[in-house]
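Chains L and H, in that order, give the protein sequences. Just so you know, we're using my numbering here: the first sequence kicks off at 28 and counts up by one. Just so you know, we're using my numbering here: the second sequence kicks off at 888 and counts up by one. From the three backbone atoms N, C-alpha and C, an ideal C-beta is built for every residue, glycine too. Read the structure below first, then the notes.
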Amino acid sequence: MTEPLLHAGTARPGDAGEEADPDVEHPGGFWSDAWRRLRGRPLFWVASAIILVLLVMAVFPSLFTAVDPRAADLAGSGATPGPDAPLGRDLQGRDVYARAIYGAGPTLAVGVLATLGTVLLGALAGLLGGYRGGWPDSLLSRFAEVFAGLPFVLGGIVILTTYNPPGQLVGESRLVVQVVATIVVLSWPMAMRIMRAATITARDQDYVRAARALGAGRLRVVFRHILPNTLAPVLVYATIQLGAFIGAEATLSFLGIGLKDPVVSWGVMIAESQDRVAQIPHAILFPAGFLVVTVLAFVMLGDAVRDALDPRGR
Amino acid sequence: MGRYTLRRLLQLVPVFLGTTFIVYALVWGLSDDPFAGKCGQRECSPAYIATMTERYNLDDNILVQYLKYLGALLTGDFGQTFSGTEVSSLIATAYPVTIRLALVALLIEAVIGILAGIVSGVRGRGFVDSLVLVSTLFLISLPVFVTGLVLKQVLGVELGIIRTSVPNDPSFGDLLVPGFVLGSLSMAYVARLTRTSLVENARADFVRTAVAKGLTHRRVVGVHMLRNSLIPVVTFLGTDLGALMGGAIVTEGVFNIRGIGGLVFRGILQQDTATVVGIVVLLVIVYLVANLVVDLLYAVLDPRIRYD
């Protein structure tokens, strides 16, 4: 996974022959090579288009619907899709379409924040452990193993029920913060492991020794010379993980311990309607559809980014 | 090899202590009043509180409590629930079901995943390859509970082929669909791993030698390539078995399977702390040992890997 990094800044003779665009006279560095490969993949454009629509949906839900997602009309409980409510109504008579649109915000917020947190925490720990070596490295690694030893769903349940006992009502932002923190705490060891391995490879490269020999300080060596060359594997991990974290949020909400009413998210919608799946199937199938398409888009993007940054795996 | 095993075993000890202590502290130490809601609408009687405080050493500080629990654990005593049932007997009834489910899932994901990976890896780019890539993409994107709910609805409620609720002592046939649901995500990873591994090995010298010797295509693929390509797949399956035996909470919930996942989930909702701690301790041990076995298996399967 770290091998391509060694070629950073140089053209790869083997690849350039096969893949070079005839219009490009000077094969660029690692990142522009990757961007060129990425541009050529339809999968990347499909995924990006879906994600763009989802982002607009998350930031401006009122562009897509004028209906209040929390307005309940018990007379229309379980109504099938029709002109009045395009995707039908749930048990409480709430518009499934409006709820699905408004659900994009919290769902994506959890996914993005959890990814940022995991990558920042894991990458810092990995950089520190990998560069410093010795006892801080051992300590950090053992510490990470403790958290990696907890199975994800089990750990999530234990943490969330402790800080948020069943039956307690809590506010929207606190719920989101709790779920994000839980995912970060349980996932950072993986990001750290990737970053640590990349850092150890980069640490003994000639350019790092050169920088050190020129008198660069420790911080400068780590952030200006090592970090840019260890970013690629972490970036790949982050894109794929974003999709996985959105699924994880839905799973926790499905178990009734993640997000819950008043927050509207797809996991919450699925959790609320699972008991009535036989009577009101559309209340569960449509949010599940939104969820699957979203995760699919991020996994596709992750696949495309990985193929672009690490062409050996194709 | 022996020294490596010993070192890894010793490394497991702090991880085990750390993980179990975190869980112990979370479920016991952080609740303000462990007796809240334990006795219905009324306050608990002083006699009950005294008995429970003594049983769980609640008067000690959390570290001492944990050490006492650990001491009992080393003699095989998993403790008792609030109602006095032995946690170990709860585990003994629930765990066989979970193991059976994990084995079914592992079998399904290994057979389908490896076959799909071989077909797409050997044929190379083409329709089958794209089909496998797209379907693995879909499997990876489907959260387990969505697959479970949809299959339960379609196969169980609408077509009536399977029972929506698995019986108490399920046969392997009853666990076929739940096993498929549980293993579906890993199935996609197995297929991709097998494919990547085959494609990488296809250019290896030993394959060229085998072809040059005049061996049939079937023999080159089936004996020379597969045996080398399956090493990462086998280790993945090993790690996955460890994860499956500990993490079937969602699948067991969807299909009402009376396994360890359902037990721990009910334990948490009913705040039956002793059950939760007991099961988590057990699952952490299973998970750590599975990972250790996989690491050792690597050395057995691939003698090029040397430990020192």
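Cβ of residue i within 8 Å of any chain L Cβ
| i | result |
| --- | --- |
| residue 952 of chain H | no |
| residue 983 of chain H | no |
| residue 1152 of chain H | yes |
| residue 1030 of chain H | yes |
| residue 1077 of chain H | no |
| residue 1175 of chain H | yes |
| residue 901 of chain H | yes |
| residue 906 of chain H | yes |
| residue 1033 of chain H | yes |
| residue 1133 of chain H | yes |
| residue 1130 of chain H | yes |
| residue 1067 of chain H | no |
| residue 1025 of chain H | yes |
| residue 1180 of chain H | no |
| residue 1015 of chain H | no |
| residue 999 of chain H | no |
| residue 1171 of chain H | yes |
For residue i, the three-state DSSP class (helix, strand or coil)
| i | result |
| --- | --- |
| residue 49 of chain L | Low confidence applies to residue 49 of chain L: its pLDDT is 46, below 50, so where it sits in the model is not reliable enough to give any reading. |
| residue 199 of chain L | helix |
| residue 116 of chain L | strand |
| residue 164 of chain L | helix |
| residue 110 of chain L | coil |
| residue 230 of chain L | helix |
| residue 313 of chain L | helix |
| residue 898 of chain H | helix |
| residue 94 of chain L | coil |
| residue 1002 of chain H | helix |
| residue 1039 of chain H | helix |
| residue 930 of chain H | coil |
| residue 1053 of chain H | coil |
| residue 281 of chain L | helix |
Beta carbon proximity, residue i to chain H, threshold 8 Å
| i | result |
| --- | --- |
| residue 189 of chain L | yes |
| residue 327 of chain L | yes |
| residue 278 of chain L | yes |
| residue 263 of chain L | no |
| residue 242 of chain L | no |
| residue 172 of chain L | yes |
| residue 133 of chain L | no |
| residue 76 of chain L | no |
Exposure of residue i, with buried meaning 16 or more beta-carbon neighbours within 10 Å
| i | result |
| --- | --- |
| residue 186 of chain L | buried |
| residue 210 of chain L | buried |
| residue 244 of chain L | exposed |
| residue 221 of chain L | buried |
| residue 1054 of chain H | exposed |
| residue 86 of chain L | exposed |
| residue 52 of chain L | Low confidence applies to residue 52 of chain L: its pLDDT is 48, below 50, so where it sits in the model is not reliable, and the reading given next is rough at best. Residue 52 of chain L comes out exposed. |
| residue 857 of chain H | What is shown of chain H runs 888 to 1195, which leaves residue 857 of chain H out entirely. |
| residue 293 of chain L | buried |
| residue 1158 of chain H | buried |
| residue 1100 of chain H | exposed |
Within 8 Å, strictly: CB atoms of residue i and residue j
| i | j | result |
| --- | --- | --- |
| residue 114 of chain L | residue 129 of chain L | no |
| residue 174 of chain L | residue 213 of chain L | yes |
| residue 223 of chain L | residue 156 of chain L | yes |
| residue 136 of chain L | residue 83 of chain L | no |
| residue 1125 of chain H | residue 1173 of chain H | no |
| residue 1115 of chain H | residue 1088 of chain H | yes |
| residue 1082 of chain H | residue 998 of chain H | no |
| residue 273 of chain L | residue 138 of chain L | yes |
| residue 1135 of chain H | residue 1154 of chain H | no |
| residue 252 of chain L | residue 263 of chain L | no |
| residue 317 of chain L | residue 127 of chain L | yes |
| residue 323 of chain L | residue 1067 of chain H | no |
| residue 189 of chain L | residue 913 of chain H | yes |
| residue 215 of chain L | residue 285 of chain L | no |
| residue 1146 of chain H | residue 1177 of chain H | no |
| residue 1151 of chain H | residue 1035 of chain H | no |
| residue 331 of chain L | residue 65 of chain L | yes |
| residue 320 of chain L | residue 77 of chain L | yes |
| residue 116 of chain L | residue 132 of chain L | no |
| residue 903 of chain H | residue 1170 of chain H | no |
| residue 1078 of chain H | residue 1004 of chain H | yes |
Opposing strand residues paired with residue i [DSSP bridges]
| i | result |
| --- | --- |
| residue 941 of chain H | None, per the DSSP bridge assignment. |
| residue 122 of chain L | L/116 |
| residue 967 of chain H | H/973 |
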